[in-house]
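Under the working numbering, the letters of the sequence shown match residues 23 to 81, in that order.
Right, one structure below, let's go through it.
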Amino acid sequence: MSHELRTPLGAIIGFTNVLRKNSASDTTTARASVEAMSTVAPSPRRPRSPTPLSEAWMS
């Protein structure tokens with residue numbers, strides 16, 4: 023398993039174990055899971071407007 027995959031999975035497993043040990047409501051657990059995932063795998067920023075495309079000749 024590659025380092026790029028193993029490191030985030032370790033964090034996710036660690037957070038999952040913490041959430042399991044602490045008795046919390048489903049809502050609290052869901053929010054904590056989303057927060058943990060956003061720190062491990064932040065979503066890419068999308069441009070506010072579409073990038074204009076243009077044709078170009080390629081050899």
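We put the CB at the ideal spot given by N, CA and C, even for glycine.
Computed from a predicted model, the values in this text were never measured in an experiment.
query: Own chain, CB closer than 6 angstroms to F37, minus 5 neighbours either side, in chain order; result: A58
query: For P30, the three-state DSSP class (helix, strand or coil); result: helix
query: Separation of S71 from V56, as counted between CA atoms; result: 26 angstroms
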